[in-house]
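Inspection log for the structure reproduced underneath, given as structure tokens.
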Amino acid sequence: MLSQRILNMEPSATNALFDRVAKLREAGEDIISFNVGEPDFITPDIVRDACKEALDAGKTKYAPVTGVGPLKEAICEKLWRDNQVHYDPDQICISTGAKQAVFNSLMAICDPGDEIIVPTPCWVSYVEMIKLAGGIPVLVETDEVFQLDMKKIKESLTDKTKGIIIDTPNNPTGACYNRESLLELGNLAVEHDFYIIADEVYETLIYDGNVHVCVASLGEDIYERSIVVNGLSKSHAMTGWRVGYTAAPKPVAKGIAALQSHMTSNSTTFVQWAAVEALKNGAEFIAQMHEEFERRRNYVYETVNALPGITCVKPGGAFYVMADVSSYFGKEIDGNVIKDSVDFCNYLLNEAKVAIMPGKAFWAPDTVRIAYPESMENLQEGLGRIRKALERFGI
Ligand code: GLU
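The letter at position 278 of the sequence shown is residue 278 when you use this note's numbering, and the numbering goes up by one with no holes.
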């Protein structure tokens, strides 16, 4: 018999669609996949070489639970250089991807019944992670351009509020929060004494000349209530390597370290040595990927917005476009009615052989998420197929 904890949990919809696409491809289907948030770039040579060197040097044994010293130092240097925020190595915990880092953070701060605010649309795993940590997710809608709605956030505060998870640049919307709104949120966290878990994993992918702001850099009191989560998956095209980390106030960092000591221990040792190289010498790669992704953002935003019956907000960062497809709900095609975003995505998968994520998974039922870390050739082909499939509706 399974535990209530597991019975109350939904498996990850992003990972489920990823697996479904893999099976369809194995069966010989020509699927174009805009469903998963994974850069199409290959991890830079310098990082792959550093990993090979680490393997040959025998860096294959256990490491300290929270990570090898040089990587923790490189992370502190990065946080100072890029985010103007000071951390000591003992405030850092390297985890198996930013996903584990978010989960560690929640486990460290949540008591049963504690409320954690999540601005929606939000990434699929936050809500389930909060539940797993014994907390209660409090979903608060963002405004019409997916920015934080401070009025609604204030209204959702109770004496049980323990924290908020923010994700900027945002998955799935691509929205980026500016300094003023982060400062307002930071001051609210200080006033009402709750934590901000700031997932910054898309930090390097911010467009139109804007810069990322790390909430922990906005004042000493705010720093004490911030847990910064980041990782190398998106910035250095290292999704499969699983390198994430938390930077946290000392008592929280200590709690996270204790938790991880019973869960996974250290993340893969030789990968950590390769990650040092990525953080120290990866700037050129980051700039190349950024330039290419901004070009794709422009193309995808314009092309999706021009699709019949579909509108979207211009995303300022990350590599997703969130499109409103609700004008298709209730429409009939081939004897089937499109009831919701799941039906809409299933139709496109069957008819156009293009996989995209239903917004339902992100608590945004009128929408779909189109991930564009794909070659321009695939983007053109995939969006062309979508157009053809949608033109059949005559909207
Ligand atoms: N975060 C990525 C996405 O949203 C990867 C899959 C996952 O871990 O959810 O597509």
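All C-beta atoms, glycine included, are put in the ideal place defined by N, C-alpha and C. In this text the structure is predicted, and so the values were computed from the model without any measurement.
- Proximity to residue 78 across 296, 230 and 174 peaks at 230, based on C-alpha coordinates.
- Per DSSP, residue 161 is not a residue of any alpha helix (DSSP H); the beta strand (DSSP E) it occupies stretches across 161-167.
- Closer than 7 angstroms to some heavy atom of ligand 1: that describes the Cβ of residue 171.
- For residue 182, the CB contacts under 7 angstroms within the same chain, skipping 5 residues up- and downstream, are 213, 215 and 218 in chain order.
- Residue 106 and residue 130 do touch by the CB rule: their CB atoms are close to 6 angstroms apart, below 8 angstroms.
- The Cβ atoms of residue 296 and residue 372 lie closer than 8 angstroms to each other.
- When the Cα atoms are used, residue 124 and residue 69 turn out to be separated by approximately 32 angstroms.
- Per DSSP, residue 105 lies in no beta strand (DSSP E); the unbroken alpha helix (DSSP H) holding it starts and ends at 97-109.
- If you check the C-beta of residue 15 against ligand 1, you find a heavy atom less than 7 angstroms away.
- Residue 320 sits buried, since 16 or more C-beta atoms from the chains shown fall within 10 Å of its C-beta.
- If you look at residue 385, you'll find it in the alpha helix (DSSP H) that goes 376-391.
- Judged by beta-carbon spacing, residue 344 lies within the 8 angstroms limit of residue 368, meaning their Cβ atoms are closer than that value.
- The C-beta separation of residue 119 from residue 148 comes to about 6 angstroms, placing the pair in contact by the 8 angstroms criterion.
- Relative to ligand 1, even the nearest heavy atom lies 7 angstroms or more away from the CB of residue 78.
- A contact is defined here as three or more CB-CB pairs under 8 angstroms, and the region 19-39 fails this definition with respect to the region 150-166.
- The C-beta distance from residue 198 to residue 166 rounds to 5 angstroms, short enough to fall under 8 angstroms.
- One alpha carbon belongs to residue 259, the other to residue 95, and they sit about 11 angstroms apart.
- Between residue 44 and residue 359, the CB-CB gap reaches or exceeds 8 angstroms.
- The secondary-structure analysis by DSSP pairs residue 312 across a beta bridge with 323.
- Checking the DSSP bridge columns, you'll see residue 139 partnered with 118.
- Here residue 91 is buried: its Cβ has 16 or more other Cβ atoms, across all protein chains shown, within 10 Å.
- Ranked by how close their Cα comes to the Cα of residue 73, the residues 273, 314 and 365 have 273 in first place.
- Judged by pairs of C-beta atoms under 8 angstroms, the region 331-343 does not touch the region 223-238, as fewer than three such pairs exist.
- If you check the CB distance, residue 309 and residue 386 do not come in under 8 angstroms.
- In the assembly as shown, residue 376 is an exposed residue. Its beta-carbon has fewer than 16 other beta-carbons within 10 Å.
- Sixteen is the threshold: when 16 or more other Cβ atoms of the shown chains lie within 10 Å of the Cβ of residue 172, as they do, the residue is buried.
- When the Cα atoms are used, residue 306 and residue 59 turn out to be separated by approximately 52 angstroms.
- For residue 173, no beta strand (DSSP E) segment is defined, and its DSSP state is neither H nor E.
- Not one heavy atom of ligand 1 lies closer than 7 angstroms to the C-beta of residue 382.
- Secondary structure at residue 198: strand, using DSSP grouped into helix, strand and coil.
- In the three-state reduction of the DSSP assignment, residue 219 falls in the coil class.
- A contact is defined here as three or more CB-CB pairs under 8 angstroms, and the region 261-277 meets this definition with respect to the region 50-58.
- For the pair residue 236 and residue 287, the CB atoms are not nearer than the 8 angstroms cut-off.
- The beta-carbon separation of residue 185 and residue 363, rounded to 19 angstroms, does not stay under the 8 angstroms limit for a contact.
- Taking all protein chains shown into account, residue 84 has fewer than 16 neighbouring C-beta atoms within 10 Å of its C-beta and is therefore exposed.
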